[in-house]
Structures are given as C-alpha cells and as structure tokens.
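Using numbering that gives the first Met the number 0, the first residue of the sequence shown is number 0, and each one after it goes up by one. Here a beta-carbon is modelled for each residue, glycine too, at the ideal position from N, C-alpha and C.
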Amino acid sequence: MKLTAGSVQYINRRTAPRLVSVLLLLGALSLLAAALAARQPFVSIRFEDTASKSGISFILHNCPTPEKHLIETMAGGVAVFDYDGDGRPDIFFTNGADIPSLKKTGERYWNRLYHNEGNLKFRDVTEEAGVAGEGYSMGAAVGDFDNDGKPDLFVAGVNRNILYHNLGNGRFEDVTAKAGIKSGDGWAVAAGWFDYNNDGYLDLWVVHYTKWSVNDNRYCGDSSRGIRVYCHPKYFQGLASTLYRNRGDGTFEDVSVKAGISAYAGRGMSVAFADYDGDGYQDVFVTNDNMPNFLFHNKGDGTFEEVGLAAGVALREDGKAVASMGADFRDYNNDGLPDIAVTALASETFPLFRNLGKGNFADATFSSGMGALSLHHSGWGIGLFDFDNDGWKDLFTANSHVNDRVELFEPAVYKESDTVFLNFGGRFRDISEEAGLTEVKAHRGSAYADFDGDGKIDVVVASLGEPVELWHNVSPLTNHWLAIKLVGTHCNRDGIGTRLNIGNQWNEMTTAVSYASSTLDSVHFGLGTSTLVATLQIQWPDGRKQTLHNIRADQVLQVREPD
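What follows is the structure, encoded as structure tokens:
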C-alpha cells in the first residue's frame with residue numbers, strides 16, 4: 000500500500016491508540032519471552048511423585064520413644080537393583096523395629112522388597128523373596144559377591160547385620176554366618192561393595208557409628224520445660240569400620256587390622272569409593288558425624304593410609320567438622336577427576352570438595368554456589384546425576400534435620416522438602432520448587448535409577464513415619480542419553496570400579512551412593528542434543544582399556560570386558 004500524507008495523518012488520528020496497545024502488548028510478550036528464556040535453566044528438571052499409584056505402600060517405622068534413643072532418628076536406607084534379571088530396577092527398603100527388644104513385633108516392621116512390574120508399578124515380594132529380616136535395620140548395600148550374575152544384598156543394622164545371597168529363583172538365602180560376616184558387630188549404619196585388591200571379587204566395607212545400647216538413657220534437652228531431644232553424638236564413643244576380604248569361595252575374612260583401618264574410630268554415616276589419584280586402586284571416603292571425615296588411600300599392597308586432613312576433605316575450609324551424613328564420590332565439573340559431595344545440617348552447608356589432582360582437594364562449597372544454596376538446609380541422602388541429560392551432573396538431596404524438636408532451640412526446621420541443584424558448567428542453582436519437590440517430610444535415604452526405561456534418572460526417597468516418595472523424572476527437555484551396562488569377565492561381574500569417558504564427561508561404576516543406601520544400575524550419561532557418541536572409553540578395574548566408536552544414543556548398551 001502506498002502511503003500519502005493524508006493516509007499517514009489518518010493512521011495517526013484513528014489507529015495510533017491501537018498501535019500503541021499492540022506495540023505495548025508485543026513489548027510485554029517480548030519481555031516475557033526473554034524472562035522465560037532467562038529462566039529456562041530453572042525449569043529443565045521436573046519430578047512427579049508417583050509413589051501413591053505405584054503400589055509401594057511402605058512406611059519407614061523408626062518407632063520413636065519418649066526416651067529419644069539415638070537410633071530412632073538414623074534409620075532409612077534404600078537399595079535399588081534388578082534382583083531377578085528382568086531388566087527393570089527393583090527397590091528394597093530397610094525398616095526399624097520395636098525399640099525395647101530391637102526385634103520385629105509384626106509384619107509392618109519388616110524390611111521390604113518391591114518388584115518392578117513395569118510402567119512404574121511395583122509389587123511387594125518381601126515374603127516370597129525371604130528378605131524380611133529382623134532387628135533394627137539401617138543401611139543396605141548391593142553387590143554380586145560371587146560373580147554369578149545375580150546381585151546380592153547386605154543389610155546393616157543395630158547389632159544385626161545380614162548378608163543375603165541371591166539364589167536366582169526369586170529368593171535370597173541368609174548366609175551371614177556361613178560367609179563369616181559378624182552379625183552382632185555393634186551399630187552399623189552403612190556399607191559398600193568394592194574390589195580393594197583388584198582380584199576380581201567384591202569386598203565389603205561396613206561403616207559403624209557409635210557404641211550404643213538400649214540402656215543408654217542420658218537426658219538431653221531442657222528438663223525445666225520437659226523437652227527431651229536426641230543427644231549430641233559427642234556423648235557417644237565412635238567405632239572403626241570393618242573391611243571384609245572376599246576369599247572367592249563364598250566366605251570373607253575380616254582384614255581390618257591387616258589393612259590398617261581398625262585404628263581409626265569415627266562416627267561413620269556413609270561410605271563412597273573412587274580412585275581419586277588414578278593409581279588403579281579404589282580409595283574410600285567415610286563421612287563422620289561431628290568429627291573429621293576419613294579418606295583412606297589404597298596403597299595397593301592390601302593396606303590403607305588415612306589422608307583426609309592432608310588431602311583437604313576431613314574438614315571444611317574454615318577447619319570445622321560438620322555433621323557429615325550422605326556422600327557421593329564422582330566428577331561434578333567434567334575435569335576427569337572424581338570429587339566429593341556431602342550432606343550436613345543447617346548452618347553447616349553441604350560441603351563440596353573439588354579434586355585438584357595429585358591427591359589434593361579444595362573446598363569448592365562456596366565457589367560452586369552450594370554454600371549459599373545449602374546453608375539453611377539439613378540433608379541426608381545425596382546423589383550426583385544428570386537429571387536433564389545436558390551433560391552435567393546435577394545434585395539431589397533428601398532433607399530433614401536430625402532433631403525433631405530443633406525448632407524450639409534453633410532457627411532451623413525439622414521436616415523439609417527435597418532439593419535439586421541444577422549444574423550449569425560446574426556451578427549450581429536451586430530449582431527445587433520449579434522441579435516440583437514440595438513434599439515436606441523427615442527424609443532420610445535416597446536411591447537413583449531409571450525405573451521406567453525412558454532414559455531419565457528417577458529418585459526414590461524414604462521418610463521417617465511417612466510414605467516413601469517415588470520421584471518420576473518428567474523433565475521437559477528432549478535431550479539424548481546413553482546407559483552402559485557393564486559385564487566384567489576378569490574383574491568383578493558388574494565392573495564396579497570401572498571409569499568411563501564420553502567427550503568431556505567421566506563417570507564411575509559404583510553402588511555406594513547417598514546415605515546408608517545403594518544403587519546398582521547402568522552407568523548413565525546425558526548427551527544433550529547429540530544422537531551419536533563418537534567415542535566411549537572404558538578403563539576396567541584391572542587396568543584393561545576398551546574403546547568403542549559411533550554408538551547410537553538413547554539405548555542401554557551392554558559392554559563386556561574384553562578377554
């Protein structure tokens with residue numbers, strides 16, 4: 000259309016108000032689009048709790064008493080593993096017991112195993128599988144200790160440990176005594192499987208907390224107001240971890256003294272493994288409650304040296320010990336070196352130790368953004384996983400304070416929602432509310448797996464006295480992924496201790512993740528927009544290296560260790 004002076008005048012007089020309105024509307028939409036674009040990282044991860052319609056009816060019975068026995072607030076481990084080999088990860092929950100007798104008083108206090116039926120539906124198979132257990136259970140650890148291709152289960156508890164051998168017919172056998180595992184070995188909170196001597200058989204590390212008995216009735220709190228609380232751990236004597244060497248014939252030898260770890264008594268909460276210095280041997284990180292953490296360097300001759308303080312992971316940067324609880328030991332900043340992430344209590348932050356190489360770590364809690372983000376949270380379960388498949392491992396924490404009456408004494412809260420921190424290039428943002436993590440409970444253990452086979456990592460969380468949460472990952476981004484299922488031949492069957500590399504990403508095959516929990520699943524990589532993996536490099540625990548090329552994305556790839 001040709002504009003004349005008159006037509007311009009007409010437009011000005013008749014349509015200027017409309018044009019202004021349209022321009023204002025377009026401007027507002029442009030600003031909204033810019034705002035949404037700026038907020039895109041905050042909504043790239045979303046979860047939906049599907050527990051109530053999944054068939055999982057488990058409630059963690061910690062059996063609290065007026066006497067405030069310390070074990071009551073410490074329960075809640077979770078294990079995820081495909082116990083029957085159908086390709087779908089199943090879920091095991093540890094449970095408490097009647098405190099006076101420390102034995103189960105009925106079916107509702109049993110540990111529970113739920114079979115994954117597919118489509119996020121689960122069925123209680125505890126009785127038929129034979130894993131109900133007895134006593135006050137705490138943690139769980141999964142590993143195939145006899146390399147028969149069927150994952151076995153260790154349950155840690157208060158004066159009662161259980162080793163279940165997977166028979167392969169849907170049932171487990173209690174082989175604790177036959178295998179030489181001590182049952183009444185004090186209060187064990189957590190455990191983990193790893194091959195410390197690279198002989199091809201998984202060994203067992205058991206983490207102990209403190210010397211405790213039901214008769215320990217110290218009063219802690221404000222007696223003038225009649226407010227009793229769980230006592231500070233400083234009133235309890237710590238215990239050393241136990242290391243069981245796998246003889247390869249179904250039995251184990253306690254080598255704690257020989258290995259040099261029996262001299263280090265702590266108030267252990269969790270254990271995590273990685274070869275942090277690249278010498279070919281798995282090292283051990285143990286979180287301690289209000290004590291310096293332990294880092295046991297594997298010397299490769301069957302012994303360990305404790306180097307936590309020298310390496311920079313025993314204390315925070317300010318030299319203070321915190322209530323370290325859960326841990327994950329893997330690379331968060333894509334530099335090829337496994338780092339350590341830890342949960343602790345409100346005002347302590349969630350410490351993040353960055354691996355600098357050559358055996359040294361730096362406290363990266365504040366430089367990564369985690370300091371300010373976690374300052375007011377108390378956490379237990381923890382996991383570094385790439386929830387939006389963008390190539391960077393995000394951080395999930397299961398939260399709650401240890402003291403159910405903390406609000407009467409401190410500016411902190413007892414029950415909290417879970418949190419997820421988005422990793423963007425080695426720094427973190429709290430996107431928990433946008434991600435849908437709004438359920439406020441006394442959360443404890445957590446475990447991680449792709450329960451429905453859609454390529455996105457889901458999360459299961461246990462809570463004291465309330466139903467569990469099964470967080471289905473419904474993140475909107477359509478990024479690609481690759482999961483690698485390892486089959487060891489010379490090394491242990493599941494390749495625990497294997498390091499894998501795709502591009503600038505590294506990951507570890509481990510089952511020791513979180514607080515008192517365990518996950519045996521494929522090694523997961525997010526690929527962003529890539530539909531093809533040009534090169535996958537694998538270094539098996541025995542040093543063998545394997546390289547694969549041109550791998551199609553969005554699949555579970557089974558890789559067998561070369562002969």
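{"Asked": "Tell me the rounded alpha-carbon separation between Phe303 and Ala239.", "Found": "14 Å"}
{"Asked": "If we ignore side chains and look at the alpha-carbon of each, how far apart do Arg246 and Phe272 end up?", "Found": "20 Å"}
{"Asked": "Going by other Cβ atoms of all chains shown within 10 Å of its Cβ, with 16 needed for buried, is Thr64 buried or exposed?", "Found": "exposed"}
{"Asked": "Hey, how far is the Cα of His479 from the Cα of Gly169?", "Found": "34 Å"}
{"Asked": "Tell me which residues share the same chain as Gly183 and place their Cβ nearer than 6 Å to its Cβ, disregarding the 5 neighbours each side in the sequence.", "Found": "Asn158"}
{"Asked": "With a threshold of 16 other CB atoms inside 10 Å of the CB of Ala32, please say whether the residue is buried or exposed.", "Found": "Because Ala32 carries a pLDDT of 46, less than 50, the predicted location of this residue cannot be relied on, and the following value inherits that uncertainty. So Ala32 counts as exposed."}
{"Asked": "Look at the Cβ atom of Ala189, then the Cβ atom of Gly138, and state whether they are nearer than 8 Å.", "Found": "yes"}
{"Asked": "Where Glu316 and Asp85 are concerned, what is the direct C-alpha to C-alpha distance, given to the nearest angstrom?", "Found": "46 Å"}
{"Asked": "Buried or exposed: where does Arg45 fall if 16 or more other Cβ atoms within 10 Å of its Cβ makes it buried?", "Found": "buried"}
{"Asked": "Taking just the CA atoms, how far does Phe328 sit from Ser516?", "Found": "14 Å"}
{"Asked": "By DSSP, does Ile70 sit in helix, in strand, or in coil?", "Found": "helix"}
{"Asked": "Residue range of the alpha helix (DSSP H) that Ser255 falls in?", "Found": "Ser255 to Ala258"}
{"Asked": "Taking DSSP as the reference, what is the three-state secondary structure of Ala309?", "Found": "helix"}
{"Asked": "Taking DSSP as the reference, what is the three-state secondary structure of Lys544?", "Found": "strand"}
{"Asked": "If you check the beta carbons only, do Gly142 and Pro150 fall under 8 Å apart?", "Found": "yes"}
{"Asked": "Can you name, in chain order, every residue of its own chain whose Cβ lies under 8 Å from the Cβ of Phe41, other than the five neighbours on each side?", "Found": "Reliability of the predicted coordinates at Phe41 is poor, the pLDDT of 44 falling under 50, and the value obtained from them is presented with this limitation in mind. These residues qualify, in order along the chain: Leu421, Arg428, Ile430 and Glu433."}
{"Asked": "Could you give the residue range of the beta strand (DSSP E) that holds Met324?", "Found": "Careful: Met324 lies outside any beta strand (DSSP E) and carries neither H nor E."}
{"Asked": "Would you kindly report the start and end of the unbroken beta strand (DSSP E) that includes Leu535?", "Found": "Leu531 to Gln538"}
{"Asked": "Taking the alpha helix (DSSP H) that Thr125 falls in, what are its first and last residues?", "Found": "Thr125 to Ala128"}
{"Asked": "From what residue to what residue does the beta strand (DSSP E) around Ala178 run?", "Found": "Note, Ala178: premise wrong, no beta strand (DSSP E); alpha helix (DSSP H) at Thr175 to Ala178."}
{"Asked": "Please work out which residues of its chain come closer than 7 Å, Cβ to Cβ, to Ala178, disregarding the five sequence neighbours upstream and downstream, and give them in chain order.", "Found": "Leu162, Gly249, Thr250 and Phe251"}
{"Asked": "Taking all protein chains shown into account, do 16 or more other C-beta atoms lie within 10 angstroms of the C-beta of Gly105, making it buried, or fewer, making it exposed?", "Found": "The pLDDT assigned to Gly105 is 44, lower than 50, so where the model puts this residue is not dependable; a value taken from the coordinates is nonetheless given after this. Gly105 is exposed by the Cβ-count criterion."}
{"Asked": "Nearest to Ser462 by alpha carbon, out of Glu127, Gly378 and Gly390?", "Found": "Gly378"}
{"Asked": "Less than 6 Å between C-beta atoms, sequence neighbours within five positions excluded: which residues of the same chain meet that for Leu374?", "Found": "Thr348"}
{"Asked": "How many angstroms separate the CA atom of Lys309 from the CA atom of Asn359?", "Found": "As written in the sequence, residue 309 is Ala, which differs from the Lys given in the question. Cα to Cα, Ala309 sits roughly 8 Å from Asn359."}
{"Asked": "Assign Pro232 to one of three DSSP states: helix, strand, or coil.", "Found": "helix"}
{"Asked": "Buried or exposed for Ala371, going by 16 or more other Cβ atoms inside 10 Å?", "Found": "exposed"}
{"Asked": "From which residue to which residue does the beta strand (DSSP E) around Leu203 run?", "Found": "Asp202 to His207"}
{"Asked": "In the DSSP output, which residue or residues are listed as bridge partners for Val341?", "Found": "Ala326"}
{"Asked": "Between which two residues does the beta strand (DSSP E) holding Met566 run?", "Found": "In this structure the chain extends from 0 to 562, so residue 566 is not present and cannot be described."}
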